[in-house]
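Inspection log for the structure reproduced underneath, given as structure tokens.
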């Protein structure tokens, strides 16, 4: 029973990582850039949701929608202003700009919302399920987070597989030039990717803060790096990979804390990442690309 | 022979050495005239360390084409090794300069060894995957050093992973105390030593670039398969670049660590690695003098903006983004070129009119 | 293009470097107090609180001083909770002509600045840097808050005296010296007093976003008392999660946890019954004036002990200056020597305690106060 | 073409050798070589020997597996079956660079020069393993560094001069015209001091006069350096004129082997190139 409880804890935080990782993976797969500002978009999403519920008194669902709208607009704006002018140049230049954007968002959030942490009210209102006299507890957040992350994963898979826009995205991801020649509007497709990624970030922000209630300007950065790690474990660019990587990372983290050492759990998590990459150099579900000679 | 060595490289290298030397002399003269404030004097040594970090990372990122997100980890290894070595040698070696040099080499070698160990698995990977592994190693190192306890007493060194395990005799001193880090470090770094380290780094890196090793490294970056086809062992060369870069970062760490009285492992986190990467990218990939200049400017910039209070860091972010866009974006470049030509055309026209009017 | 920017920025840099030169003229009627703290980044909440508390004290003093009284000129600098930046910040203040250093806020920056303050003979009093190493760095370095092992030991004594628990659990932040110091002090004293610690678990600042494992561990070990030597941010997480899984031991926190009730949006029901050791009570009648001023300045945020410590530091320095006849023209080193001597016998009353005194090493002695949260308010425990 | 003897003698039941090479061991001896990608067999049962100073050709329709064979010979791919003996040593499991050190160098179908480096530096990279200078000497620019650099420069200039590229030594490789790039690539391959050099479509994109010049150069390379040359080419005029032995592959398998005269009249080759009688299209 004890093991089960830790497993559930692991899956719970893992699902949060998974949703963030899905956003990373989408953007990486299509725009081929590491968007280090993604974690900060999550933070903005959480703040918007917090303000809508706590200051305007609107219901949780409205706050999520508002967060999604704001983050989508923010994502498109960031892409247009900061990333698009650099498209086609060194990917490192874009990476550094993304870091600049990340600094900007964190400091802007501090100016707007102050440094004092906000206590995020969970969007989940129903009671936790308790089994075996409380030895095993499954909270509502766990259920919602897992459900949403699966939903998002399935939705994204269907979207990229079935819709016109989704197919265009895959085409751009495979070969940007060829896609352009086939009449696909690459700029629009990439903007769309950022829009979807940022909307996902908003959902991730709300779920992250429902699980971990403290909200401050730096809230997004550490989970962002974790999620990035998760995306790499799963094979960056792969949608089911992000999900798998996220949940695996959550479980590894929880179990290493419980059974090995809490002090060294960071080291253990990253050591596992390295081991996985040694065995599967492109992640668990990543595509192995043979270089053409 | 000079002709064959390509005059252009020789000239660029000479300019690099000259710029650094002149900057050093100017600062020394100003300092001796008492024209520098304590803040400026305080920047000098860390700045030297960051320049060395930027140059050594440029060897990896710019010249070798390998993205590393954990360079600060090597700096950390060097720093803490240097602190321990300097403390152990305190009663053995009298001269601070000699002690600093020994500590620097010790830190460099330790970082180089870790670079080698990390390189074995990491260099099997490429591109963004290598980046994430270096990030992971940086975090692991930070985590491990943050839980490391090293004490020194008359019996010798004691190393442990828990606070209770280090039991020191009377007069013993904790050199490294887990999350509290190293405290009460004797400051033996100095600006002239920092300058010497920069010269040494430039010497090593520029020599490396202009040797058969450097050609091989660039060849591996430009076209791995072709490089292999002419007998270049790609892994060996990535490894050489990685170890040299880690070695120099370790030395920079010692310079940095022995200039500050309290140092924590968390200093060498992802953010520091990223900051150094920003220096490199902004200075230009593979451009060594560019790294030196951009490290200087970007290190001073947030300090110079202290007067802006609340807006300081947000403006730094904005400046960073704008500078990136201006230096890298093809669109902005074209725009600026157009403006420049149109201004020139106008000036010419005005000049002509002026002539006509006369 | 690149060259253009490089040149432009290089020029900016040179200008900026020289801008820091030259000491400002000393004005006898105004003493200069400088402060550094994390005003941006993850620890900014503490730095901005201290800064605001100090600003309130400065405003009060300057308003009360009138035309001829001794005034304060105050300047704060961001240290980003980083030892290196802290030194730069301190040097910037020195160039400005600082006579007294009322910082830093967090321990690591304090430790990196302290040797410089000793060398420069600038009187330093940290409002909230709590490692015992700080005061031990030199005779001119003083603390306004308890040292960590002391406070940890005080907590253990309290647990033992009031018999708060039989199976004790500890969750601490192993990457934070404050947390680790408290934990060590508590553990050592607890062993001495024969308290039964059954679970000891930790997290790091890199994985503090998920504390469910640690709480579950305490629950599994059957802890009926959990010692939480860390800040309000993580405490809110622990309380929330414990509530979710229906785990209700006695939670016990230290001064860093102050502010848990007032964090925006926090459901105060969760903290019901929480005991914490804090020298500052925003619900007490004698602090109401300060609370009101702070709220006016900081957008209705309720002050915590960091703000109160900052406020007290300014008053302690100012009062001592007035008592010893130091003014704006006194060189920093002379002022430092005078204050050092004065503080040996000084007794100070402030927001965080009355009759506070300092020992030779600069550590404070004040009565450890504990409060329990009842109906969303602090009640003396 | 009389000066280039095409007299071939039989050294075993299957192999022909150039008269001059008789009695010497082959530089390359390939036995039953094959590779599968997933379920697909790309090359199967490839066998051939090349004498120490022989010029041989590898021809076949597009997609026949010619470049794959080159990639196998240079260890870019590891074979699924069979063995490659390079100067009598089995190259199984070796890296590309190791195989190069053993004496095999190549050019690429899609030119792979180091575009940001000068032509001279490209050749010097090729000479990498010939330059004797320790890592420490390079790092610290000890006297031995200057000595070895000087020697390398002289030799590289010699090679460039040999290929008629001396005047573009200081130009960036990426900015050179196509034909020049191809010759530079050969020059770089030669710089690694090989016993055999593989040329992957050396005449692709060249005009007839450049091709004629190239044919001349290929023979000069062999005669000057006394090395074997193995080339893939679609230009039949070049292949038939310079090669002494020719192997024809289709669908990954050898369909014919022999002297140019034999190949010209081989029905299997004609079918592979021209299709069955009724199909006119090549």
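Protein chains in written order, with this note's numbering: chain A, 7 to 299; chain P, 448 to 805; chain L, -13 to 367; chain F, 1228 to 1509.
C-beta atoms are modelled at their ideal positions from N, C-alpha and C, and glycine is treated no differently.
Output, in sequence order along the chain, the residues in the region 660 to 682 of chain P whose CB is closer than 9 Å to any CB in chain F. 660, 661, 662, 663, 665, 666, 668, 669, 670, 672, 673, 674, 675, 676, 677, 678, 679, 680, 681 and 682
Can you name the start and end residues of the alpha helix (DSSP H) that residue 495(P) belongs to? For residue 495(P), the uninterrupted alpha helix (DSSP H) run begins and ends at 485 to 505, by DSSP.
Out of 736(P), 732(P) and 530(P), point me to the one whose CA is closest to residue 705(P)'s CA. It is 530(P) whose Cα lies nearest to the Cα of residue 705(P).
Buried or exposed: which applies to residue 449(P), given that a residue is buried once 16 or more other Cβ atoms fall within 10 Å of its Cβ? Low local confidence applies: a pLDDT of 43 at residue 449(P) is under 50, so the model's placement there is unreliable, with the coordinate-based value given in what follows. Its Cβ having fewer than 16 others within 10 Å, residue 449(P) is exposed.
Distance, Cα to Cα, residue 733(P) vs residue 511(P)? 8 Å
Let me know if residue 782(P) comes out buried or exposed under the rule of 16 or more other beta-carbons within 10 Å of its beta-carbon. Exposed, by the Cβ-count rule.
Interface residues of chain L around residue 122(A) at Cβ under 7 Å? 31, 249, 250 and 287
Residues near residue 1343(F) in its chain [Cβ-Cβ closer than 7 Å; skip 5 each side]: Excluding sequence neighbours, residue 1343(F) sits near 1399 and 1401.
What does residue 19(L) pair with, by DSSP beta-bridge criteria? Residue 19(L) pairs with 60(L) and 86(L).
According to a CB-to-CB cut-off of less than 7 Å, which residues of the region 123 to 157 of chain A neighbour chain L? 123, 124, 125, 126, 127, 134, 136, 140, 143 and 145
Alpha carbon to alpha carbon, what distance is there between residue 199(L) and residue 112(A)? 28 Å
Can you tell me whether DSSP reads residue 351(L) as helix, strand or coil? strand
Hey, is residue 627(P)'s beta-carbon within less than 8 Å of any beta-carbon in chain L? True, the Cβ-Cβ gap to chain L drops below 8 Å.
List the residues of chain P whose Cβ lies closer than 7 Å to the Cβ of residue 1372(F), in chain order. 658
Have a look at residue 725(P) and residue 1327(F) and give me their C-alpha separation to the nearest angstrom. 38 Å
Helix, strand or coil: how does DSSP classify residue 332(L) here? coil
Excluding the 5 residues flanking residue 790(P) on each side, which residues of the same chain have their C-beta closer than 8 Å to its C-beta? Within the same chain, residue 790(P) has no close Cβ partners at all.
My parser needs the alpha helix (DSSP H) runs of 4 or more residues fully inside the region 269 to 305 of chain L; what are they? 274 to 283
Could you confirm whether any beta carbon from chain A is found closer than 8 Å to the beta carbon of residue 760(P)? yes
Helix, strand or coil for residue 35(A)? Go by DSSP, reduced to three states. The answer is helix: DSSP assigns residue 35(A) an H, G or I state.
Any chance you could list the beta strand (DSSP E) runs of at least 3 consecutive residues sitting entirely within the region 142 to 221 of chain L, in chain order? 154 to 159, 183 to 189 and 211 to 214
Please list the partners that residue 265(A) has in chain P, where partner means a Cβ-to-Cβ separation under 8 Å. Scanning chain P for C-beta atoms nearer than 8 Å to the C-beta of residue 265(A) yields nothing, as the closest lies near 17 Å away.
At what residues does the beta strand (DSSP E) containing residue 1281(F) begin and finish? Element bounds for residue 1281(F): n/a, residue is neither H nor E.
What is the residue span of the beta strand (DSSP E) that residue 261(L) lies within? 261 to 263
Verify the CB distance criterion: does residue 282(A) have a CB-CB separation below 8 Å to chain P? no
Using a C-beta to C-beta distance shorter than 7 Å, which residues of chain B count as neighbours of residue 269(A)? Among the protein chains of the structure shown, namely A, P, L and F, there is no chain B.
Since residue 296(L) and residue 84(L) should fall inside the 8 Å C-beta cutoff, what is the C-beta to C-beta distance between them, to a whole number of angstroms? Contact flag wrong, Cβ pair sits at about 16 Å.
Contact check, residue 216(L) vs residue 268(A), beta carbons under 8 Å: no
Short CB-CB distance (under 8 Å) between residue 450(P) and chain L: Confidence in residue 450(P) is poor, its pLDDT being 45 and thus under 50, which makes the residue's placement too unreliable to answer from.
Which residue spans inside the region 554 to 638 of chain P form an unbroken alpha helix (DSSP H) run of at least 4? 574 to 592
List the DSSP bridge partners of residue 1261(F). 1308(F)
Taking three-plus beta-carbon pairs below 8 Å as touching, is the region 45 to 64 of chain A in contact with the region 214 to 232 of chain A? yes
Run down chain L in chain order and give the residues with a C-beta less than 7 Å from the C-beta of residue 493(P). Simply 70.
Which class does residue 61(A) belong to by DSSP, given the choice of helix, strand or coil? Note: residue 61(A) maps to coil in three-state DSSP.
Three-state class that DSSP yields for residue 1456(F) in the structure shown: strand
Just to confirm the assignment: which complete alpha helix (DSSP H) runs, minimum length 4, are found wholly within the region 139 to 184 of chain A? 146 to 168 and 170 to 180
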